[in-house]
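Trainee:
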Amino acid sequence: MSVWHFMVQNRAEVFELTLEHLWLVGISMLFAILIGIPLGILITRWPVLDKPVLGSANIIQTIPSLALFGFLLPAPWFGERADRMAILALTLYALLPLIRNTYVGIRGVDAAVVEAARGMGMTDRQLLFQVELPLALGVIIAGVRVASVISVGLATIAAAIGAGGLGEFIFRGLAMVSDAVILTGAIPAALLALLADFLLGLVEKRLQRV
Amino acid sequence: MASTGQSAIEFRNVAYQPDGSREILHELNLAVAAGETLILLGRSGSGKTTSLKLINNLVVPSRGEIMVEGRSTRSWDIIQLRRRIGYVIQEVGLFPHFTVERNITLIPRLEHWPADRIQARLKELLALVGLDPELASRHPRELSGGQRQRVGVARALAADPPILLMDEPFGALDPITRADLQSEFAALEKRLRKTVVFVTHDVREALLLGDRIALMEGGRLVALATTAEFLRSTDPLISAYVRSAGGSLHNTALGGER
Numbered sequence: 001m002s003v004w005h006f007m008v009q010n011r012a013e014v015f016e017l018t019l020e021h022l023w024l025v026g027i028s029m030l031f032a033i034l035i036g037i038p039l040g041i042l043i044t045r046w047p048v049l050d051k052p053v054l055g056s057a058n059i060i061q062t063i064p065s066l067a068l069f070g071f072l073l074p075a076p077w078f079g080e081r082a083d084r085m086a087i088l089a090l091t092l093y094a095l096l097p098l099i100r101n102t103y104v105g106i107r108g109v110d111a112a113v114v115e116a117a118r119g120m121g122m123t124d125r126q127l128l129f130q131v132e133l134p135l136a137l138g139v140i141i142a143g144v145r146v147a148s149v150i151s152v153g154l155a156t157i158a159a160a161i162g163a164g165g166l167g168e169f170i171f172r173g174l175a176m177v178s179d180a181v182i183l184t185g186a187i188p189a190a191l192l193a194l195l196a197d198f199l200l201g202l203v204e205k206r207l208q209r210v
Numbered sequence: 211m212a213s214t215g216q217s218a219i220e221f222r223n224v225a226y227q228p229d230g231s232r233e234i235l236h237e238l239n240l241a242v243a244a245g246e247t248l249i250l251l252g253r254s255g256s257g258k259t260t261s262l263k264l265i266n267n268l269v270v271p272s273r274g275e276i277m278v279e280g281r282s283t284r285s286w287d288i289i290q291l292r293r294r295i296g297y298v299i300q301e302v303g304l305f306p307h308f309t310v311e312r313n314i315t316l317i318p319r320l321e322h323w324p325a326d327r328i329q330a331r332l333k334e335l336l337a338l339v340g341l342d343p344e345l346a347s348r349h350p351r352e353l354s355g356g357q358r359q360r361v362g363v364a365r366a367l368a369a370d371p372p373i374l375l376m377d378e379p380f381g382a383l384d385p386i387t388r389a390d391l392q393s394e395f396a397a398l399e400k401r402l403r404k405t406v407v408f409v410t411h412d413v414r415e416a417l418l419l420g421d422r423i424a425l426m427e428g429g430r431l432v433a434l435a436t437t438a439e440f441l442r443s444t445d446p447l448i449s450a451y452v453r454s455a456g457g458s459l460h461n462t463a464l465g466g467e468r
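Protein chains in written order, with the working numbering: chain A, 1 to 210; chain B, 211 to 468.
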């Protein structure tokens, strides 16, 4: 059976799993942004924390994804449901690019601009929200972009622990030794990754024109 | 020359030693009178920029205290203190994501001035620093170096602060633009009568713009004199500086004392 044929035949399931995939990636990116960007800001304020925080995020990144899912199985609450585990794992993986780019983006703001802002009597909050974050935004969005593309790919592994998503087809296809079934999962996943990259690339370009 | 009234700024036995480093400013005692322009003159590493930053608390003294308008910088609310002090630096430090207008009106906006007052002040400031009002909607990257520093000066003057701190503001400009801005600033000083502390390593600039000159060397104040006294001084340190400025010096100085 051809890939195309199989996809059309199972279009309802393809659609459903694509949505599930997007949901896993979307929710975990949301959490990663809510945690990673503030953490990135925090370590520019307390430089003693920068090495431990970036180091931990780095270590998480090096854990193979299947192994990470395995580690999370005994975790309370998270281990109870596959989608919770998948979202936790994807969130953890997305943290490094977000923390690092936020940190690098803010540290990269021209020192003279920061000095002038302080010297003029901007409060820490005004400095952060009116100067540092707007100027670092392009770099931060670049981090969101990298994290999103990684997440779309990694989310296929979530099917291994029964969290659903397009990985379902891939694992089913592996079991059935059917290229068509594998590709029915792999092609939409690749297209999602390209789409996320393209859309966030547009946002990034707009911001960097400033 | 300003000589009467309370000191706008006073250093009392001020020393500064960065964490884990040797002391770079020793026992500084210096008073700046309200309305005068005091030049901190010295080579790099002499402590002049550190002294300037002590005034707006960008640097915190290790010993001693700095009185601004009769109050120690330790007891001032730092934000209130800085908003009463205009600050201009060599790198200008304009906000690249803001237009000229937003750069200049930043402090009035933060202080919640009404919109019509901000607009009126903007017009006034652009005229004051000699900028075409059409530039107001541009971004800093679209300006020349000289225009940028004019915006920097306008931004520092925006909320009409009584004190102005300037750290080699014209140092990065080409010689012709620098001469233009120096003479315009000399005229501006006479009009505005603000208390100005101006850091430079350029003796000619010091003589052109200053009422008094504080010569710094190795973290110490080594001489303090009016510009006229400075030129005539027989103090070997001062005359070394005067000699270093070369032959055209007297002309410049006379020009500055018109």
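The beta carbon of each residue, even a glycine, is placed where N, CA and C say it ideally should be.
1) Is the segment 16-32 of chain A touching the segment 149-158 of chain A in the sense that three or more CB pairs, one from each, lie closer than 8 angstroms?
2) With DSSP collapsed to three states, give me the class of E275 of chain B.
3) What does Y297 of chain B pair with, by DSSP beta-bridge criteria?
4) Determine the chain A residues that contact P306 of chain B at a beta-carbon separation under 9 angstroms, and present them in chain order.
5) Using beta-carbon positions only, say whether V113 of chain A and F305 of chain B come within less than 8 angstroms of one another.
6) Please list the partners that T123 of chain A has in chain B, where partner means a Cβ-to-Cβ separation under 7 angstroms.
7) Can you check whether the CB of H411 of chain B is closer than 8 angstroms to the CB of L135 of chain A?
8) Sort A:A163, A:V3, A:T102, A:A196 by Cα distance to I43 of chain A and report the nearest one.
9) Ordered along the chain, which non-local residues of its own chain (more than five positions away) have a Cβ less than 7 angstroms from that of L431 of chain B?
10) Touch check for the segment 260-270 of chain B and the segment 335-346 of chain B: three-plus C-beta pairs under 8 angstroms?
11) I need the DSSP call for S347 of chain B, collapsed to helix, strand or coil.
12) Anyone know if the C-beta pair for L375 of chain B and Y297 of chain B falls short of 8 angstroms?
13) Shortest alpha-carbon distance to R206 of chain A belongs to which of A:L137, A:R11, A:V3?
14) Let me know the secondary structure DSSP gives R302 of chain B once reduced to three states.
15) Mapping DSSP to helix, strand and coil, what is M29 of chain A?
16) Given that L320 of chain B touches chain A, what residues does it touch there, using C-beta distances under 8 angstroms?
17) Rounded to a whole number of angstroms, what is the C-alpha to C-alpha distance between I60 of chain A and L30 of chain A?
18) Could you check what DSSP says for E237 of chain B in three-state terms: helix, strand or coil?
19) Can you give the Cα-Cα distance for S256 of chain B and T444 of chain B, rounded to whole angstroms?
Mentor: Let me lay it out:
1) Pairwise C-beta distances place the segment 149-158 of chain A in contact with the segment 16-32 of chain A, as three or more of them are shorter than 8 angstroms.
2) Annotated three-state conformation of E275 of chain B is strand, per DSSP.
3) According to DSSP, Y297 of chain B shares a beta bridge with B:L375.
4) Those within 9 angstroms of P306 of chain B in chain A are D110, V113, L135, V210.
5) Closer than 8 angstroms, so yes.
6) Within chain B, the residues near T123 of chain A are I289.
7) No; because the gap between Cβ atoms is not below 8 angstroms, this pair is not in contact.
8) In this structure, A:T102 is the residue among A:A163, A:V3, A:T102, A:A196 with its C-alpha nearest to the C-alpha of I43 of chain A.
9) Answer for L431 of chain B: L238, L240, A424, listed in chain order.
10) With a cut-off of 8 angstroms, the segment 335-346 of chain B and the segment 260-270 of chain B do not count as touching, because too few Cβ pairs lie within range.
11) Of the three classes helix, strand and coil, the one that applies to S347 of chain B here is helix, per DSSP.
12) The answer is yes: Cβ separation under 8 angstroms.
13) The shortest C-alpha separation from R206 of chain A is found at A:L137.
14) The identity of residue 302 of chain B in the sequence shown is Val, whereas the question assumes Arg. Collapsing the DSSP output to three states places V302 of chain B in coil.
15) M29 of chain A carries a helical assignment under DSSP once its states are collapsed to helix, strand and coil.
16) Neighbours of L320 of chain B on chain A, chain order: G121, M122, Q126.
17) Near 18 angstroms, if we compare the C-alpha coordinates of L30 of chain A and I60 of chain A.
18) In the three-state reduction of the DSSP assignment, E237 of chain B falls in the strand class, which pools E and B.
19) Going from the Cα of S256 of chain B to the Cα of T444 of chain B covers about 21 angstroms.
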